[in-house]
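First up is the structure itself, then whatever we jot down about it.
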Amino acid sequence: MKKLVILSVLLGLLAACSSNQSPSENSTTKTTNNSSVAQNTSTKQESNKQSSSKESQTKASEEKTPDGAFQELTKAYPDVKMPRKLPRDESLFLNIAAVGNQDKLSVLYYNLPQALVMNHHSLNQATPFASFKKTTYDTVGKAKAAVGYQYDDGGQKVDLGHSIAGYQQSGTGSTYLSWKEGNWSLLVRASNVLGQEPVTTAKEVVNYLEEAFLPIPKSVGQIIIDLTASNQEANTITWQEDKVVYTVSHEDPLPALEMAVSME
1 MKKLVILSVL
11 LGLLAACSSN
21 QSPSENSTTK
31 TTNNSSVAQN
41 TSTKQESNKQ
51 SSSKESQTKA
61 SEEKTPDGAF
71 QELTKAYPDV
81 KMPRKLPRDE
91 SLFLNIAAVG
101 NQDKLSVLYY
111 NLPQALVMNH
121 HSLNQATPFA
131 SFKKTTYDTV
141 GKAKAAVGYQ
151 YDDGGQKVDL
161 GHSIAGYQQS
171 GTGSTYLSWK
181 EGNWSLLVRA
191 SNVLGQEPVT
201 TAKEVVNYLE
211 EAFLPIPKSV
221 GQIIIDLTAS
231 NQEANTITWQ
241 EDKVVYTVSH
251 EDPLPALEMA
261 VSME
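If you're matching positions, the sequence shown starts at 1 in UniProt numbering and goes up one per residue.
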């Protein structure tokens, strides 16, 4: 009889233990499920971050190149001599639009708050500060004619320093000052209406060219500095090398000369 009572008690205790363990197992199952949900959420968030990062990288690559616009230009036209120095506001980004091939190339340079890939469509609405051209002609004669060489030693003689004499003449509303240096002919145009005078600029050019060396024309070169203009073609330097004619221009006179001097 005692054995039966003891057995009954033991069975009761086992039943109670089994009943107490069920909530713990359920809790463990719930915790596992919650952990799985958290992992899925974390995976989705990480995937969204990666997707957003890829979109940002793609957008950045459309707007800015790692090497810069100038590196893009030289890689696209590795055999073309071109200016290596582009005087400008260094706080802004150099941007470039270029069209052509190794024989005939036109380049426009822009100074903008944002760096863009070469030939970005938004450059169509921007204003360039400088330009470069290379043109190959069929004959040396055609190339020479394309330079537009002009020199006039008439008018008032002006001492420009360094044993160089210029010749000044006045026309309709303008004053022109011409002189020669080697195979180069140089001309400064000033506006009488705006109260400009060409001598000061001419002397600055002469002084600069005493220290810097322009390319040697084969056979002629022409420099025109137009003080009456303010666009990227206001100051133009053109010269011939056999069948090839090079032209660099800049909105300011001395920077245009610096561009030509840096040709390589």
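Yeah, the Cβ is synthetic: ideal placement off N, Cα and C, and Gly gets one too.
Exercise. Exposed or buried, what is P78 when buried is set at 16 or more other beta-carbons lying within 10 Å of its beta-carbon?
Worked result: exposed
Exercise. By the 10 Å Cβ neighbour count, where 16 or more other Cβ atoms means buried, how is F213 classified, buried or exposed?
Worked result: Exposed, since its Cβ has fewer than 16 Cβ neighbours within 10 Å.
For this session: Identify the continuous alpha helix (DSSP H) that holds T135 and give its terminal residues.
Result: No alpha helix (DSSP H) holds T135; the beta strand (DSSP E) holding it covers 130 to 136.
Problem set entry | V245, buried or exposed, once every other Cβ within 10 Å from all chains shown has been counted against 16 | Burial state of V245 is buried, judged by a 10 Å Cβ sphere holding 16 or more other Cβ atoms.
Exercise. For the beta strand (DSSP E) that contains A98, what are its first and last residues?
Worked result: 93 to 100
Exercise. Touching or not, the region 128 to 139 and the region 147 to 162, by the rule of three or more beta carbon pairs under 8 Å?
Worked result: no
Exercise. Taking contact to mean at least 3 C-beta pairs separated by less than 8 Å, is the region 195 to 204 in contact with the region 167 to 178?
Worked result: yes
Problem set entry | Exposed unless 16 or more other CB atoms sit within 10 angstroms - verdict on E90 | exposed
For this session: Would you identify the three-state DSSP class for M263, choosing helix, strand or coil?
Result: strand
For this session: Could you pull out every residue in the same chain whose Cβ sits closer than 6 Å to the Cβ of D153, ignoring the five residues on either side in sequence?
Result: Here the set comprises Y167.
Exercise. Going by other Cβ atoms of all chains shown within 10 Å of its Cβ, with 16 needed for buried, is S249 buried or exposed?
Worked result: buried
Exercise. Between A260 and the rest of its own chain, which residues show a CB-CB distance below 6 Å, the 5 nearest in sequence each way excluded?
Worked result: L214, I237, V248
Exercise. Count the other CB atoms within 10 Å of the CB of G221; is the residue buried (16 or more) or exposed (fewer)?
Worked result: Buried, by the Cβ-count rule.
For this session: Output the distance between the C-alpha atoms of A97 and T136, rounded to the nearest integer angstrom.
Result: 20 Å
Exercise. Going by other Cβ atoms of all chains shown within 10 Å of its Cβ, with 16 needed for buried, is Q240 buried or exposed?
Worked result: buried
For this session: Quick one: give me the first and last residue of the beta strand (DSSP E) that K75 is part of.
Result: Counting along the chain, K75 falls outside any beta strand (DSSP E), though it belongs to the alpha helix (DSSP H) covering 69 to 76.
Exercise. For L187, which three-state DSSP category applies?
Worked result: strand
Exercise. Start and end of the alpha helix (DSSP H) containing K203?
Worked result: 199 to 211
For this session: Kindly identify the DSSP beta-bridge partner or partners of D159.
Result: A165
For this session: Inspect the beta-carbon positions of N192 and S170 and report whether they are closer than 8 Å.
Result: yes
Exercise. Per DSSP, P83 is paired with what?
Worked result: M263
Problem set entry | Opening and closing residue of the alpha helix (DSSP H) in which K144 lies | 140 to 147
Exercise. Residues in its own chain within less than 6 Å of S262 by CB, not counting five upstream and five downstream?
Worked result: So the list reads P83, R84, K85, once near-sequence residues are dropped.
For this session: Using the Cα positions of K134 and N119, report the straight-line distance between them to the nearest angstrom.
Result: 18 Å
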